[in-house]
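Number of protein chains: 2
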Amino acid sequence: MKRVTSVDVARAVGVSQSTVSRALADDSRISKETKRKIQKAAADLGYTPNEIARSLQTNKTNMVGLIMADILNPFYPAVLDLMTQQLHQMGKQLMLISVPAGFEVDDVLPSMLQYQVDGVVITSAVLSSHMRDLLQNRRTRVVLFNRSLEDFSVNSVCCENRAASIEVARRLINSGHRRLAIIGGRPDTSTHRERYAGFEEELRLHGLELVGDEIGGNTYDGAYEAALRLMKGRRKPDAIFCIADVMALGALDAVRSKLGMKVPDDISIVGFDDIPPASWPAYDLTTVRQPIRAMVSRTLSLLFDPDNFPPMAVQVPGKLMVRGSARLSAPVAT
Amino acid sequence: MKRVTSVDVARAVGVSQSTVSRALADDSRISKETKRKIQKAAADLGYTPNEIARSLQTNKTNMVGLIMADILNPFYPAVLDLMTQQLHQMGKQLMLISVPAGFEVDDVLPSMLQYQVDGVVITSAVLSSHMRDLLQNRRTRVVLFNRSLEDFSVNSVCCENRAASIEVARRLINSGHRRLAIIGGRPDTSTHRERYAGFEEELRLHGLELVGDEIGGNTYDGAYEAALRLMKGRRKPDAIFCIADVMALGALDAVRSKLGMKVPDDISIVGFDDIPPASWPAYDLTTVRQPIRAMVSRTLSLLFDPDNFPPMAVQVPGKLMVRGSARLSAPVAT
DNA sequence: GTGAAAGCGCTAACAA
DNA sequence: TTGTTAGCGCTTTCAC
Numbered sequence: 001m002k003r004v005t006s007v008d009v010a011r012a013v014g015v016s017q018s019t020v021s022r023a024l025a026d027d028s029r030i031s032k033e034t035k036r037k038i039q040k041a042a043a044d045l046g047y048t049p050n051e052i053a054r055s056l057q058t059n060k061t062n063m064v065g066l067i068m069a070d071i072l073n074p075f076y077p078a079v080l081d082l083m084t085q086q087l088h089q090m091g092k093q094l095m096l097i098s099v100p101a102g103f104e105v106d107d108v109l110p111s112m113l114q115y116q117v118d119g120v121v122i123t124s125a126v127l128s129s130h131m132r133d134l135l136q137n138r139r140t141r142v143v144l145f146n147r148s149l150e151d152f153s154v155n156s157v158c159c160e161n162r163a164a165s166i167e168v169a170r171r172l173i174n175s176g177h178r179r180l181a182i183i184g185g186r187p188d189t190s191t192h193r194e195r196y197a198g199f200e201e202e203l204r205l206h207g208l209e210l211v212g213d214e215i216g217g218n219t220y221d222g223a224y225e226a227a228l229r230l231m232k233g234r235r236k237p238d239a240i241f242c243i244a245d246v247m248a249l250g251a252l253d254a255v256r257s258k259l260g261m262k263v264p265d266d267i268s269i270v271g272f273d274d275i276p277p278a279s280w281p282a283y284d285l286t287t288v289r290q291p292i293r294a295m296v297s298r299t300l301s302l303l304f305d306p307d308n309f310p311p312m313a314v315q316v317p318g319k320l321m322v323r324g325s326a327r328l329s330a331p332v333a334t
Numbered sequence: 001m002k003r004v005t006s007v008d009v010a011r012a013v014g015v016s017q018s019t020v021s022r023a024l025a026d027d028s029r030i031s032k033e034t035k036r037k038i039q040k041a042a043a044d045l046g047y048t049p050n051e052i053a054r055s056l057q058t059n060k061t062n063m064v065g066l067i068m069a070d071i072l073n074p075f076y077p078a079v080l081d082l083m084t085q086q087l088h089q090m091g092k093q094l095m096l097i098s099v100p101a102g103f104e105v106d107d108v109l110p111s112m113l114q115y116q117v118d119g120v121v122i123t124s125a126v127l128s129s130h131m132r133d134l135l136q137n138r139r140t141r142v143v144l145f146n147r148s149l150e151d152f153s154v155n156s157v158c159c160e161n162r163a164a165s166i167e168v169a170r171r172l173i174n175s176g177h178r179r180l181a182i183i184g185g186r187p188d189t190s191t192h193r194e195r196y197a198g199f200e201e202e203l204r205l206h207g208l209e210l211v212g213d214e215i216g217g218n219t220y221d222g223a224y225e226a227a228l229r230l231m232k233g234r235r236k237p238d239a240i241f242c243i244a245d246v247m248a249l250g251a252l253d254a255v256r257s258k259l260g261m262k263v264p265d266d267i268s269i270v271g272f273d274d275i276p277p278a279s280w281p282a283y284d285l286t287t288v289r290q291p292i293r294a295m296v297s298r299t300l301s302l303l304f305d306p307d308n309f310p311p312m313a314v315q316v317p318g319k320l321m322v323r324g325s326a327r328l329s330a331p332v333a334t
């Protein structure tokens, strides 16, 4: 069965194809009567406009590309969920690519651009300068989500990573911890660097330095091993800050189930993100909540606001969720 | 800067536009020399074919639509990850929609079809007969993932839900459990019905019946409450089968942290899916593993195999992962 | 208020 | 081996 086009509708009503197009676009010049007839015929025939043809003509696809580095980190499904829903409400569609391990944005972005997506959201480690130029030349909007670039040459939406990490460090120190360690994610990500820097900076302010720092690769297993390495060190930490919740869960399980330690009595663990399992009683993780909904909204605003120039780095505040995995005393007024 | 088209490449080389098109499609009739020149010019100018225009002409977009009911169930991110990667390898793209709570496939599918996706994968509760007809008329392939229809009118890929659930029941009964209960997901899904039926059937075979059955809505919180309701019943279960891991985690936390029970000493909990947290020491959940990779591969085969007709219901075996959350004795030879 | 016609960037049939 | 031409299904001028 041949697909029904606007020409079929036109023929059925006895008007020209362009009139159909106008009527369905609710053009003010078309008479009420004609519109009604066309709408009826369209419904009867089961006509729906071909977005591909429309896109070719208007040079606008209403598709947004999303390049995700690690969907398997439980932080991201919520992002994805909100993103598709908000886009759908705006009458837009999402094209998704998950970057396989060992690949970069550069490897997958071009295939997405061939589909002429109107904008691209990237939640990945790095964006090469080559790709940045490419996007700029095409005038394809980009927003980095949960990532940023030092030189502000690209839009980005992040949590206030530094500030939040400073708060974590301060609260831990004020509560009597002195041997602090950190489990990082991937050193080539801005989130890693900012959280690491903020945490360490606050330590120095108190005349302390890290008793250990390990890389967990933003995975549960990676952090599990990292925590064990930390606990084998000369100076055993009394608190570990994991820059992502999924790693905090790994660290927690490592010290509890493998080393038989009590949390928070023997050691405090703090995460970042506030993924669903963080609030489950089995973990009861103290962590920094990222305001996902706000971050997604801001991302889409940056993507579609026509006079968003020059690119900007949006930062939204995180919120410390005090739960049971860290021995924290009441905050000190400042 | 205007986007560079095949016409620009043609002009640069001094050939016709169609020659460019052929050269880039590696048409055998074009001379080596011309091809080389065209490829060079294309690279120099940064030309990449416009997939939208190509799609309009070929009536084939190489896009697959994926409609996901609950991305927030930790079972699905792995599916998504594999799906995008396998598609990308095939040179295809994925268009994703997450169905918001309170909406149905019918509400989102049409907007996807306007983009002329070549096929649709659905992991949702129900597919109305109206939509089924629509898809059939358009000759748009559909595969239900982790869902099936009784009448086999649509392709589907599922785990052997019944068989696996029967095995769970048998193992529990053979290990001495007598008061079995179940926490279901959503009664309007095939997975719910099949797992429920298999489990109950095996019980009856042993002259037992469920001491309780509750609905957990496929969420952690829902199952947490459901478990508490079960334990308030007249006959308290000594084993609970949760038809999805995310619910098993909720049930586990409920009986452990809220009721202070020991697992598996006081009660056995078994799940279904084998999501990552299931194997974490904090849960150590006995569950049925769904072979996601195989399921995704089969799904894409069904979608693209040209002579896949009539529709078929593919079933792949699950695998019982025996861990610590259920008191199971060694399997009895049959 | 409506129609005719051009054209978005490509593929593919037909010519040469 | 290459060029010419006709669309794919739409939007959007320009006429009337």
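Those sequence lines, one after another, are chains A and B.
Numbering of the first sequence is given in UniProt numbering, commencing with residue 1 and proceeding in unit increments.
Numbering of the second sequence is given in UniProt numbering, commencing with residue 1 and proceeding in unit increments.
The C-beta atom is built at its ideal place from N, Cα and C for all residues, glycine as well.
- Under DSSP, ILE240 of chain B takes part in a beta bridge, and its partners are B:ALA181, B:ILE269.
- Going by DSSP, LYS35 of chain B is part of the alpha helix (DSSP H) stretching over 32-45.
- Within the model, the alpha-carbon separation for VAL99 of chain B versus LEU80 of chain B is close to 15 Å.
- By the neighbour-count criterion, in which a residue is buried when 16 or more other Cβ atoms sit within 10 angstroms of its Cβ, ASP151 of chain B is exposed.
- Rounded to the nearest angstrom, the Cβ distance from ASP273 of chain B to GLN290 of chain B is 6 Å, consistent with a contact under 8 Å.
- At least 9 Å separates the CB of PRO310 of chain A from every CB of chain B.
- Nearest to THR286 of chain B by alpha-carbon distance, out of B:LEU303, B:ALA251, B:LEU259, B:ARG234, is B:ALA251.
- In this chain, the beta strand (DSSP E) harbouring GLY212 of chain A covers 212-215.
- Residue pairing by DSSP places VAL143 of chain B opposite B:VAL121, B:ASN155 in a beta bridge.
- No Cβ of chain A is located within less than 9 Å of the beta carbon of THR299 of chain B.
- Annotated as distal: GLY233 of chain B and ALA169 of chain B, with beta-carbon spacing of 9 Å or more.
- Rounded to the nearest whole angstrom, the CA to CA distance from GLU51 of chain B to ASN59 of chain B is 11 Å.
- Comparing alpha carbon positions, the residue from A:TYR115, A:ARG293, A:VAL120 closest to LYS92 of chain B is A:TYR115.
- Taking all protein chains in view, the Cβ of LEU328 of chain A is crowded by 16 or more other Cβ atoms within 10 Å, so the residue is classified as buried.
- Nearest in C-alpha terms to THR19 of chain B, of all of B:LYS2, B:GLN315, B:LYS37, is B:LYS37.
- Between VAL296 of chain B and MET321 of chain B, the CB-CB gap reaches or exceeds 9 Å.
- The three-state reading of DSSP puts THR287 of chain A in strand, counting E and B together.
- Between THR84 of chain B and LEU109 of chain A, the beta carbon gap of about 14 Å keeps them out of contact (Cβ cut-off 8 Å).
- Collapsing the DSSP output to three states places VAL64 of chain B in a strand.
- Per DSSP, LEU208 of chain B lies in no beta strand (DSSP E) segment and is marked neither H nor E.
- Interface residue (Cβ-Cβ distance to chain B less than 9 Å): LYS262 of chain A is not classified as such.
- Within the region 66-107 of chain B, complete beta strand (DSSP E) segments of at least 3 residues are found at 93-98, given in chain order.
- Using a C-beta cut-off of 8 Å, the region 115-124 of chain B makes contact with the region 62-75 of chain B, since at least three inter-stretch Cβ pairs fall below that distance.
- Shown here, MET112 of chain B sits in a helix according to DSSP, grouped into three states.
- Residues of the region 71-88 of chain A with a Cβ closer than 8 Å to any Cβ of chain B, in chain order: ILE71, LEU72, PRO74, TYR76, PRO77, ALA78, LEU80, ASP81, THR84, GLN85, HIS88.
- In the three-state DSSP reduction, LEU259 of chain B falls in the coil class, being neither helix nor strand.
- Inter-residue distance for LYS262 of chain A and SER268 of chain A is about 9 Å (C-alpha atoms, whole angstroms).
- For ALA313 of chain A, the enclosing beta strand (DSSP E) covers residues 313-316.
- At a cut-off of 9 Å between C-beta atoms, ARG293 of chain A does not count as an interface residue with respect to chain B.
- Membership of LEU24 of chain B in the alpha helix (DSSP H) is indicated by the continuous run 17-24.
- About 7 Å separates the beta carbons of MET247 of chain A and GLY222 of chain A, which is inside the 8 Å limit, making them a contact pair.
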